[in-house]
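Sequences listed follow chains A and B, in order. Going by the working numbering, the residue at position 72 of the first sequence is 72; the numbering climbs one at a time, nothing skipped. In the working numbering, each residue's number is its place in the second sequence (first place is 1) plus 1000. C-beta atoms are modelled at their ideal positions from N, C-alpha and C, and glycine is treated no differently. These figures come from a predicted structure and were not determined experimentally.
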Amino acid sequence: MKPASFEYYAPTTVDEALAHLAEYGWDAKVLAGGQSLIPMMNFRLAQPAVLVDLNNVAELFYIRPSRDGGLLIGAMTRQRQVERDSLVAERAPMIHAAQPKVAYPQIRNRGTFGGSIAHADPSAELVAASVALGAKFRLCSRRGERWVPADQFFVGLFTTVLEPDELLVEVALPPLPPRSGWSFLEVARRHHDFALVGAAAVAGLDGRGRCEQARLVFFSVGDGPVEAHGAAGVLQGREPTADAVGEAAETAAEADVDPNSDINASAAYRRHLVKVLGRRALTEAFARARGDQ
Amino acid sequence: MSDQYTISVSINGTQYERTVEPRLLLSDFLRHDLGLTGTHVGCEHGVCGACTVLLDGVPVRSCLMFAVQVDGHEVTTVEALGTPDDLHPLQEAFREAHGAQCGFCTPGLLLTLVPFLEENPDPTEHEIRDAIAGNLCRCTGYQHIVDAVKLASARRKA
């Protein structure tokens, strides 16, 4: 199969790109790395009338420190660059850990940080990590600009709050709060396969060693990233002992997620992985929070 | 009927100017428009790696790019690595270690491995297997491919 015909634009500035999107609306699709969109076009699952190619918009490729100690990543930054960047390793260690798990090296050489987020695949590592980290996304259109927190951005299967005339231009990653730790784990049959289930956790302690906040986000368990609010509630204000963490992981598996069975895994197996990965991720995150690692 | 675009691209050091439809995939442009059939097409959705070429020196899936996107860029295909009479050292290692059977996956593997070995001249077996995770081979079972890479890297050291 080959892609259907389309009109093609290759703007060199964000303003030009926004002008195209304003004109064509739903008829246009944005082309970032193309590692998810072009397969769909090759199968004709997607047949956009217009393609707006962002690969020449130089102003969208960057990794910068932000004043709050975090990072600003331009939406078109190649995942390969994010993977190798020392500032990312230092200020966003979860991203540094998650990035090499995305697909294969050749995909990451072309795929973009913002593209993965805007595509909103429920198995996407960067999607779950951005929710767990409390990332914020800057969206631009000719009508103006708005910031959307990651946990409000993903609203359904491959669906985000992006309007047809809007572009994701930047991802802001906040620094980890003091006395907090992170973990990022996934299970896949082969290295670099889509995850059967994955978990991204950020855990923080108060001055007395009790859980102040726990954010546990699963991927590949539903239509999008699923935050385990029940698990977080179980841990709030408690000392994160093995028992408490175990109880939280069970809550996550039984109450917070509702996975489907598909060709890759049964719902029961996914729930099992949620329990196991939930426990491991929380344990590791709290250990990092205590400075054990 | 969509517009035709004129692109100017350097392929294996030679400059080409061609007119293409936007929907023409880079893999098809290389094979059909330029007759460079060393780049193979296996899956057309990015998972098999047979179509891997170098874009400005970096391995990418040519089935997941449009020819219009390489305007002004440099593409390297397997034809640049060597000839039957003058094999690239990595091709020589593949030959000796039986790293190729039907040869369908081989060009993609070679182009993935050449930059990998530049950056990792002395890789462990785990690193080699990780590097070729995006290249599927139905014939060899991968062991001889790993052996070929080890042989090539040992020779570079010597």
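1) Go through the segment 1031 to 1119 of chain B residue by residue and report every complete run of the beta strand (DSSP E) that reaches 3 residues or more, in order.
2) Given a limit of 7 Å on CB to CB distance, which residues of the segment 1027 to 1054 of chain B reach chain A?
3) Does the segment 1129 to 1136 of chain B come within contact of the segment 100 to 114 of chain A, defined as at least 3 CB pairs closer than 8 Å?
4) Could you spell out where the beta strand (DSSP E) holding S294 of chain A opens and where it closes?
5) What's the C-alpha gap between R146 of chain A and C1102 of chain B?
6) Can at least three beta-carbon pairs, one atom from the segment 1038 to 1053 of chain B and one from the segment 11 to 18 of chain A, be found at a separation below 8 Å?
7) Is any beta-carbon of chain B found at less than 8 Å from that of N55 of chain A?
8) DSSP three-state label for L72 of chain A, please.
9) Check whether the Cβ atoms of F158 of chain A and V127 of chain A sit closer than 8 Å, and answer yes or no.
10) Note the first and the last residue of the continuous beta strand (DSSP E) segment covering G278 of chain A.
11) Can you check which of these residues, A:A92, A:D53 and A:H96, is closest to G33 of chain A by C-alpha distance?
12) Taking the Cβ atom as the reference point for each residue, do V1146 of chain B and L1111 of chain B lie within a distance shorter than 8 Å?
13) Could you tell me which of A:G246, A:L235, A:P225 and A:P177 sits nearest to P259 of chain A, measuring between CA atoms?
14) Taking 8 Å as the CB-CB limit, is N264 of chain A close to chain B?
15) Can you pull the chain B residues whose beta carbon is under 8 Å from the beta carbon of F113 of chain A, in chain order?
16) Could you work out which residues of chain A lie near Q1069 of chain B, taking near to mean beta carbons separated by less than 7 Å?
17) Whose C-beta lies closer than 7 Å to the C-beta of A188 of chain A among residues of the same chain, with five residues either side of it excluded?
18) Taking C-alpha atoms, which residue in B:P1115, B:H1045 and B:E1119 lies nearest to G1057 of chain B?
19) I'd like to know whether the C-beta of C1105 of chain B is nearer than 8 Å to at least one C-beta of chain A.
20) With H, G and I counted as helix, E and B as strand and the rest as coil, what does DSSP make of L1151 of chain B?
21) In whole angstroms, what separates the C-alpha of G1099 of chain B from that of F1029 of chain B?
22) Of all the options B:L1090, B:G1042 and B:P1107, which has the alpha carbon lying nearest to the alpha carbon of V1149 of chain B?
23) Grab the span of the beta strand (DSSP E) containing L205 of chain A for me, first residue to last.
According to the structure shown:
1) 1052 to 1055, 1058 to 1061 and 1074 to 1076
2) E1044, H1045, G1046, G1049 and T1052
3) yes
4) Because chain A spans 1 through 293 in this model, residue 294 of chain A falls outside it and cannot be assessed.
5) 54 Å
6) no
7) yes
8) strand
9) no
10) Note, G278 of chain A: premise wrong, no beta strand (DSSP E); alpha helix (DSSP H) at A267 to R290.
11) A:D53
12) no
13) A:P225
14) no
15) Under the 8 Å cutoff, chain B gives no residues; its nearest Cβ is about 16 Å from F113 of chain A.
16) D53 and N55
17) F194, A195 and L196
18) B:P1115
19) no
20) helix
21) 28 Å
22) B:L1090
23) V197 to L205
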